[in-house]
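Chemist:
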Amino acid sequence: MEPILNRILSGVISGGLFILAILEATSTTHIGNTQTIRTREGYEDVGDYIELPGPDYGNVLVIVIIAILFFWFGVLKNYSKTSNSR
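Quick note: to get the numbering used here, add 125 to the position in the sequence shown (first position is 1).
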């Protein structure tokens with residue numbers, strides 16, 4: 126019962142992430158920043174947040190990769206048929 130529930134939940138999550146990726150890819154605008162500076166830890170946004178035309182394909186790529194990983198490890202993963210409980 127547990128592997129079936131795990132596969133159902135993983136399928137629902139990955140399906141939702143694929144739908145989110147489609148919505149992100151078809152959006153007309155996204156939020157960007159006007160200026161970033163380099164700090165010791167990396168980059169930090171110091172400018173104003175503005176609305177930019179077109180989708181942000183970086184976000185789409187990240188969401189698709191996470192959805193594929195959820196689908197791969199949750200739905201397609203081979204489960205052991207043996208159980209340690211008696």
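All residues carry an ideal CB built from backbone N, CA and C; glycine is no exception.
Can you tell me whether Phe198 is buried or exposed? The criterion is at least 16 other CB atoms within 10 Å of its CB, across all chains shown.
Modeler: That one is exposed.
Chemist: Tell me whether Arg132 sits in a helix, a strand or coil according to DSSP, three-state version.
Modeler: Of the three classes helix, strand and coil, the one that applies to Arg132 here is helix, per DSSP.
Chemist: Evaluate contact between the stretch 132 to 146 and the stretch 179 to 189, counting only Cβ atoms and requiring at least three cross-stretch pairs below 8 angstroms.
Modeler: Judged by Cβ distances under 8 angstroms, the stretch 132 to 146 makes contact with the stretch 179 to 189, as three or more pairs qualify.
Chemist: Thinking C-alpha only, which one of Gly136, Glu176, Pro128 and Val137 is nearest Thr154?
Modeler: Selected option, being the one with the closest Cα: Glu176.
Chemist: So Ser152 and Pro180 are supposed to be a Cβ contact under 8 angstroms. How far apart are they, rounded?
Modeler: About 5 angstroms; that satisfies the 8 angstroms criterion.
Chemist: Tell me the DSSP secondary structure of Leu142 in three-state form.
Modeler: Residue state, collapsed to three classes: helix.
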